[in-house]
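In what follows, a structure is listed as structure tokens, so that the remarks can point back to it.
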Amino acid sequence: MTGETQAPLLRISALTKRFGGFTALDNVSVDIPAGERFGLIGPNGSGKTTLINCISGAFRTEPGTVTFRDEDITRLQPHVRTRRGIARSFQIPRPFRSMTVAENLMVALDFAAATDDVVSAIDRRDTMMSILTRMGLASKANVSATKLSQVELRKMELARAMATHPKLLISDEAMAGLSSSEVDEVLDLLMSLAGQDITIIMIEHIMQAVMRFSDRVMCLEAGKIIAIGTPNEVMANQRVQEAYLGT
Amino acid sequence: MFSFELLLDAVVIGVLLGCFYAAVSIGLSISFGLLDVPHVAHPAFLVLASYGVYFLNEHYGVDPLLAGLLITPLFFLFGLLAYRLYYETFEKRGSDAGVRGIAFFFGIAFIIEVLIILQFGVDQRSVTADYVGQSWRLGDMRIPFRLVVAFVVAVALTILLTLYLSRTFMGRAIRAVAQDQEALRLMGANPIRIKQWAFGIATAVLGIAGALLIIVAPVEPTLDRTYIGRTFCVVVMAGLGSMSGTLVAAIILGVAETIVLTLFGASWAPAISFAMLLGVLAVRPQGLFGRRS
Amino acid sequence: MKRSGIYFWTGAALFLGAALLMTQVIGNQYPFFAGYVILQFIVLAVAWSILGGYAGYVNFGTAAFFGMGVYTAVFLFKAFGAPLPVQIAAAAAVGALMGFALGLLTLRMQGIFFSIATIAATIIIETAITNWRYVGGAAGIQLQRPAVTAPFDNYVEMLFFVQAMLVVLAVAVSRYIQRSWMGRGLQALKDDELAAECTGVPTLRLKLMACVISGALLCAAGAPAAMYLQYADPASAFNLNYSVSTLAMSLIGGTAHWAGPVIGAIVLGTTQQLLTVTISSEVNVLVLGVMLVLFVVAAPEGIIGLVRKIRRKRNEGEG
Amino acid sequence: MKRRTLLGGTFAVAMFGLASTALAQQPIKIGMSMAQTGGLAGGGKASLLGIEVWRDDVNARGGLLGRKVELVVYDDKSSASETPAIYSKLLDVDKVDILFAPYATVPTAPLMPLVKQRGMLLMGNFSFQVNSKVGHDMWFNNAPWGPADSWASSFLDLGQKAGGKSIALLAADQEFAQNLAKTAREVATKLGMQVVFDQAYPPSTVEFSGILRALKAAKPDIVYVASYPPDSAGILRAVNEIGIGDNVKLFGGGMVGLQFGTVMENLGSLLNGVVNYNTWLPEPNMYNEGTKAFFETYTKRAVEAKVDPLGYYLAPYGYASGQMIEQAIKAVGSLDQKALAKYLRENTHKTIVGPITFAADGEWKESGVVQAQFRGIKDKNIEQFRTPGRQVILFPAKLKSGDLITPFEAARK
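Written out as structure tokens, the structure reads:
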């Protein structure tokens, strides 16, 4: 479907976001084509999370527009964007604490997936189990979300995002605080997801992960884009090295 | 019926009344404003303090303000205990203290009400002191001493607490705990200990506030119910945890109430203050002097 | 799933049938007077829980809704001599409107701020009614009941049955919400509003719906009180007691399941009625206070939570 | 299903327990609710003690119709919403023989239709004009209010005689005070007085300085205040502090609370000069047969019960309620409600608060409300109120024990 037109999956144009006198995003424009694995880096407070909050709709932007699959979604509420195909995970995991893992996913299936195809309760249960299996969480289906380990929480967030049938998945530091073997585990998961008609924006501090994962990398500093290109190009950029790597 | 003198009078009385509101709310500004404890039993503690003051005044002839000071250490201990209980039941268990916290403190408030009734009966009580019932002439104006006392005490309390919170190590720790508990833990301080201490102070302040309550007007056991709305109104309007903000918000409330009372008709006065609160909540949910930007 | 539906509706029909039978068989009036109050609290607790329990928005203005229900009935009765069903329906409409306004508040306020705003709104509404002379103002108003409709031979018996119908309605609505997509959505937004929104839950719409439904039922529960008391005054109609009792009942029963508030209202409501005619002194208030503290401390999930815990333990023991 | 059986079960228990004790002794049961908690509790408890003293007296005399008298009392929490269920319990479960009304108007109002429908006699207890709409012909109020407007007119008459031409009305925004204010407004118009200030203040008002400044600015000759106990104290304090102006000739009227011992003790010298309504006072003309003995007993028992140590306002009228019922039952010789009502309506009853005759609406035919001025009161002394001359009766003429001192500021000294 997306291949027929040349337009990118997501277009951000001239996006600016201010909090009081503080400018968190300053005239940011970027196109992300369908199927890309897009890495977003930058020092703390550079505007990465603000940017994805603007994409997912948690913040209203003024001025600037966000276009998704040829539709201006700047004024849409977050849940509508989710139904249009934008899913995200959170920097600090935000599970539904009173629910089991399975129920967490059912929320997504009940609300977000409903617009795509009407499926029976049994179908949804199957879908949910297949997502959990792929994420390696099948055994935890009936466990309360509060009882999960850190890496399981990360995986569950991704699973819940996947259950909304996204076209664009935004992963906000899904590997923070994980051991190196766990980082590889989650990275493999994200790589495997990216294969299937899903575009992924990954925000990450762990450089090796970004380098391994991304087709293209963008670096933000103080709300401005300072570099964009292949991982190697961005890493070689002097401003990136100064701002981000502190050398 | 409008006249300039009346307006001026209303403003002066309103400022004094506002200071009284500040004095009875400032403890809540710590316990609810800084510590996020939904302390709906705050006014019940306040009335309890008033009865303590009444007891000392009635039986030993102690001056009400002095009596207030005397019961302060007792209330400090009482506060430590109350927070411990609250912590063990809610904060330790983590999630969703909100509704249950409110219900818990309502329960405590009812228990206090009944204990007061059993001990002192249902009749209203008041205290005697030289400054109760006298007034101070200022030109054409006459200002009740009671309110002057409230004014002085409220301002003193505000200054003391502001200094305490900004100048002392413990005070700064209390403010820090309100903002970032984790950071404090990393610094090696025990946030629970600090919160408990702060709650103790918030309760201790009620000793003096209770003295003011019974100096300004007679008290009866269920008086706390009228003060739930008023004290929370002040604290929320001020913006959580700001001591000087509490004073200013309370004065705004007092002046607005008195002006409406004097010039427009008393029966609408409560609606006006709470409409102001709703307005503030809708436009500036963080309050007039809120800590969140 | 279907089977539980059959059980539920059979139970509801039996309950209504029994209530009707009571009115025809029992000559003693006291069960109806006291029962009416308990049924009224069941409706209030169930209605409150739709917003306060499922969505986690603690509405402290139950008294405002209840009082407006009373005064809607008073106004319609005084102005047009409107019959009871019209009074209740109109009260529900007023309650729905008030609920909508409350829902708009949730846009800007959460947690305790929302609760405080509802307290403020209650005081403003009470003040307005106090200043409205047509419905009696502060002095209150006495009302004369019209003749009772068959098959009832007594107005209070009829009110008892009407309130029983409201109970079934409220419980059915609450049960439907809990079991439908709305219930899961409300639970999600209660846990985490932003995460819910980003998982596709239309949080604002759900909150508005919960507020409107809860408000309509709260107000409707208040409407028959005008005819029950044949008297209305603002201090009684907007009594803080309604807010606190409703909250207490929901918490004591447990808010995670529709049956929680029903159980809580029966337990606490019956206790209060019994205490009124037995101990009958300030100890009454003491019991409420102690019950609140005890339940909140010892059974944070209410009676429903206790039952679940015991059941889970037993299951684990067997497995 | 479960719900219903649980409900039914509790009722059965409640009914059973009380029915079985009733059969054993068969006393005459007098049922009532009385505020033990909430805003009316202070009055309710004192009133109840008065009735209890009567019960003990009548039982000491051998009871009524050879049966002991027993009181069945429940707490109505000062609220209107509790009383219908309580009185239904009294009627249908406890099967009491005689009904007394709860103290005050709000809890009584919802009962009137119920009692009328059941054809029961109801002995009222200090409610105000609660029967005017219901028109129950078996209602008798023990309070000496008399015709609705007599209260305000006695006060305004005093004011007019003292040369007052303008009046200020200050009333609490609650039922009783609003009813008083309404009649005062009507009487003032009738007397051709100018109403220069007319305000209602909300019950939660803490500070009255502002209102009194506004009132003072209106320069009234007469100030009519209809207030409740907590506010009465606040108003008098503010009067003392702010002053009220030299042109005020008469101040007071309908302040509830200035009849209660603890309130009076607290206010002390602030009371001086205030002319306020009252029901009973220790002035020479107020003593009737049994009055002295009653107060001796009451004073002793009030200390243990932690209720109003003076108890002038309500307690003797509670006792009088009992006396009237006692006389009616003795005269009729049965508990037939209609016959008792007929007797009460047609006769004059001797009580410790004087002879009582009822009008057709069940209120006193002639008002027994006295207007009295506080004189020479000192601070913190409750015993002073027991001696005559502290509250000088100005009205009615037959009970008069002194003349009005005006203006108000002069009387305060």
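Protein chains in written order, with the working numbering: chain A, 14 to 260; chain B, 7 to 299; chain C, 44 to 362; chain D, 7 to 419. Backbone N, C-alpha and C define an ideal beta-carbon position, used for all residues, glycine too. All values derive from a computational prediction rather than experimental measurement.
- Here Trp60(D) has Tyr325, Gly328 as same chain residues with Cβ atoms under 6 Å from its own Cβ, once five neighbours each way along the sequence are excluded.
- Beta-carbon to beta-carbon, Ile114(B) and Ala50(B) are separated by about 7 Å, close enough to satisfy the 8 Å threshold.
- Neighbours of Ala125(A) in chain C, taken as residues at a C-beta separation under 7 Å, are given in chain order as Thr242, Gly243.
- Ser141(B) is bridged by DSSP to Pro150(B).
- Annotation: Cβ neighbours of Pro91(A) in chain C (cutoff 7 Å, chain order): Glu240, Cys241.
- Shown here, Asn353(D) sits in coil according to DSSP, grouped into three states, outside any helix or strand.
- In the three-state reduction of the DSSP assignment, Ala16(B) falls in the helix class, which pools H, G and I.
- Not a single C-beta of chain C is nearer than 8 Å to the C-beta of Arg90(B).
- Against chain C, a Cβ distance below 7 Å from Thr74(A) picks out nothing, because the smallest value is about 16 Å.
- If you draw a straight line from the Cα of Tyr73(C) to the Cα of Ser85(D), it is about 18 Å long.
- Leu171(A) is the residue among Leu171(A), Leu122(A), Leu166(A) whose C-alpha sits nearest the C-alpha of Arg101(A).
- Assigned with DSSP and collapsed to three states, Glu344(C) falls in coil, not helix or strand.
- Taking all protein chains in view, the Cβ of Arg88(A) is surrounded by fewer than 16 other Cβ atoms within 10 Å, so the residue is classified as exposed.
- Taking a beta-carbon distance threshold of 8 Å, Leu294(C) does not count as an interface residue toward chain A.
- Take the alpha-carbon of Ala122(C) and the one of Phe270(B): they are about 29 Å apart.
- Interface residue (Cβ-Cβ distance to chain C less than 8 Å): Glu181(D) is classified as such.
- Using a CB distance cut-off of 8 Å, Asn174(C) counts as an interface residue toward chain B.
- Listed along chain C are Gln185, Gln187, each with a C-beta nearer than 8 Å to that of Lys139(D).
- The region 259 to 272 of chain C makes contact with the region 104 to 120 of chain C, as at least three CB pairs between them are under 8 Å.
- Around the beta carbon of Lys196(D), fewer than 16 other beta carbons lie within 10 angstroms, which makes this residue exposed.
- Scanning Met40(D), Ile228(D), Ser275(D), Met38(D) for the CA closest to the CA of Gln397(D) turns up Ser275(D).
- For Gln230(C), the nearest beta carbon of chain A is closer than 8 Å to its own beta carbon.
- For Asp196(C), the nearest beta carbon of chain A is not closer than 8 Å to its own beta carbon.
- Asn57(A) and Leu349(C) have their C-alpha atoms some 46 Å from each other.
- Along the region 319 to 343 of chain C, going in chain order, the ones with a CB nearer than 7 Å to a CB of chain D are Thr319, Val320, Ser323, Ser324, Glu325, Asn327, Val328.
- Using a Cβ-Cβ cut-off of 9 Å, Val287(C) is close to Ala109, Phe112, Phe116 of chain B, given in chain order.
- Within the same chain, Met330, Gln333, Ile362 come within 6 Å of His355(D) by CB-CB distance, once the 5 residues on both sides are set aside.
- Less than 8 Å divides the Cβ of Phe111(B) from the Cβ of His45(B).
- Contact annotation: the region 73 to 83 of chain C touches the region 76 to 92 of chain D, with at least three C-beta pairs closer than 8 Å.
- With fewer than 16 other beta carbons inside 10 angstroms of its own, Ser143(A) counts as exposed.
- The residues Gly265, Ala268, Ala269, Ala275, Ala280, in chain order, have a CB closer than 6 Å to that of Val113(C) in the same chain once the five nearest residues on each side in sequence are set aside.
- With a threshold of 8 Å between beta carbons, Trp52(C) makes no contact with chain A.
- Under the three-pair Cβ rule at 8 Å, the region 179 to 190 of chain C does not count as touching the region 288 to 299 of chain C.
- Annotation: Leu287(B) to Gly293(B) spans about 7 Å, alpha carbon to alpha carbon.
- Residue pairing by DSSP places Tyr207(D) opposite Ala178(D) in a beta bridge.
- Excluding five sequence positions before and after Phe414(D), the CB atoms of its chain that fall closer than 6 Å to its own CB belong to Val254, Phe257, Gly279, given in chain order.
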